[in-house]
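Worksheet: one structure, shown below.
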Amino acid sequence: MQAWIIGNWKQNPATIHDVNALLDDLLTTMNATEQANTAFTARCQLMLAPSFIHLTTVSARLKGTSALCAAQDISAHSATVGAYTGDCSAQQIADAGATWTILGHSERRQYHQESHDKLLQKVTHALTQDLGVVFCIGETQAQYDAQQTLEVIDSQLSVIRDLLAQQPKLIDSLSTRLIIAYEPVWAIGTGKVPTVAEVSATHQHIKQSVAGFAKSLSAITVLYGGSVNADNADSFAADSMIDGALVGGASLKAESFLAIANAFSRANT
12 MQAWIIGNWK QNPATIHDVN ALLDDLLTTM NATEQANTAF TARCQLMLAP SFIHLTTVSA
72 RLKGTSALCA AQDISAHSAT VGAYTGDCSA QQIADAGATW TILGHSERRQ YHQESHDKLL
132 QKVTHALTQD LGVVFCIGET QAQYDAQQTL EVIDSQLSVI RDLLAQQPKL IDSLSTRLII
192 AYEPVWAIGT GKVPTVAEVS ATHQHIKQSV AGFAKSLSAI TVLYGGSVNA DNADSFAADS
252 MIDGALVGGA SLKAESFLAI ANAFSRANT
């Protein structure tokens, strides 16, 4: 299975000049990596998720490369157009050049109170516009301390379960257009990192749960995110339950982002 390494730039970089400078570094490093390791692209799929305003620039510069472009969110209100000030629809995102979107990130859940129903709408809109979905799940520190991780994850995964119950025609789309990203909230940007054994067990539970929704999802890709960096990537990559990484801060530097990708490429032989 090909590993996926996704760079979530969040609200970075500050200017289009900085975006292009980062892309210059990333593309140069990526080209050097691919030349040095001809099997890299077969073993590892790269994806970048910039801010809405930078989507067109990033997607244009990634054309002709092996890397993909994703949005960080889409509107829950409409898949196309409408009177929804400040929103970007799935259709607009696709038109800007994105082929995937991140949905359900803990920062969206926390700061924008994204509910089960809202996420259900977003996933539906994404799939109707042929956008792949990177669906984020994960528990808070308090939930982790209370040993509620699996309970929380099952609740968050109910969005996918309910989508299939309501719209079974989307099962085929989900089999190739859904990635689950497990990001324990307490590990995002904090430097705190769960053990590989903990992540592996949680990923196994996620895979079994999603496979229970539909047989076609039995090979679901599950990524880990939460303070992933060049120093710890090898340990995560070595575990067969971890299919890649959703990378935050480390994706803003070409060297660290490609180091993470190389770790998974080496392990994926």
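In this note's numbering, the protein residues as written are 12 to 280. Even for Gly, the Cβ is constructed at its ideal location relative to N, Cα and C.
(request) Determine the closest residue to Asp254 out of Phe224, Ile171, Thr213, with distance taken between C-alpha atoms. (result) Looking at the Cα atoms, Thr213 is the closest of the given residues.
(message) So if DSSP puts Ala81 in a beta bridge, which residue, or which two residues, is it bridged to?
(response) Trp111
(request) Assign Asp84 to one of two classes, buried (16 or more other C-beta atoms within 10 Å of its C-beta) or exposed (fewer than that). (result) buried
(message) Could you check if Leu181 belongs to the surroundings of the ligand MG, using beta carbon to heavy atom distance under 8 Å?
(response) Absence of the ligand MG is noted for the structure shown, with no ligands found whatsoever.
(message) Quick check on Asn42: does DSSP put it in helix, strand or coil?
(response) helix
(request) Specify the secondary structure class of Ala157 as computed by DSSP and reduced to three states. (result) coil
(request) Could you name each continuous beta strand (DSSP E) segment of 3 residues or more that falls completely within the segment 231–279, going from the start of the chain to the end? (result) 232–235, 255–258
(request) Could you check the C-alpha separation between Asn273 and Asp98 for me, to the nearest Å? (result) So the alpha carbons of these two residues sit roughly 36 Å apart.
(request) Entirely within the segment 117–173 and at least 4 residues each: give me those alpha helix (DSSP H) ranges in chain order. (result) 117–123, 127–139, 152–156
(request) Figure out for me which residue from Ala60, Val69, Ala222, Tyr155 has the closest Cα to the Cα of Pro195. (result) Tyr155
(request) List the endpoints of the continuous beta strand (DSSP E) containing Leu189. (result) 189–193
(message) Taking its Cβ as the centre, do 16 or more other Cβ atoms sit within 10 Å of Ile27, making it buried, or is it exposed?
(response) exposed
(message) Would Gln281 and Trp197 be called neighbours here (beta carbons separated by less than 9 Å)?
(response) Only positions 12 to 280 of the chain appear in this structure, which leaves residue 281 out of reach.
(message) Nearest by alpha-carbon distance to Ala265: which of Gln13, Leu57, Thr187, Leu33 is it?
(response) Leu33
(request) Go through its chain and collect everything with a Cβ distance to Gln132's Cβ below 6 Å, but skip five positions before and after it. (result) Ala87
(message) Please identify the residue among Arg72, Ile64, Lys21 whose C-alpha is closest to the C-alpha of Leu38.
(response) Arg72
(request) List the endpoints of the continuous beta strand (DSSP E) containing Gly18. (result) Segment 14–19, the beta strand (DSSP E) holding Gly18.
(message) Spatial neighbours of Arg120 within its chain, please: C-beta separation below 6 Å, excluding the five flanking residues on both sides.
(response) none
(message) If contacts are defined as beta-carbon pairs under 8 Å, then Gly143 and Arg188 qualify, I think. What distance do you get, rounded to the angstrom?
(response) 4 Å
(message) What would DSSP say about Gln215, mapped onto helix, strand or coil?
(response) helix
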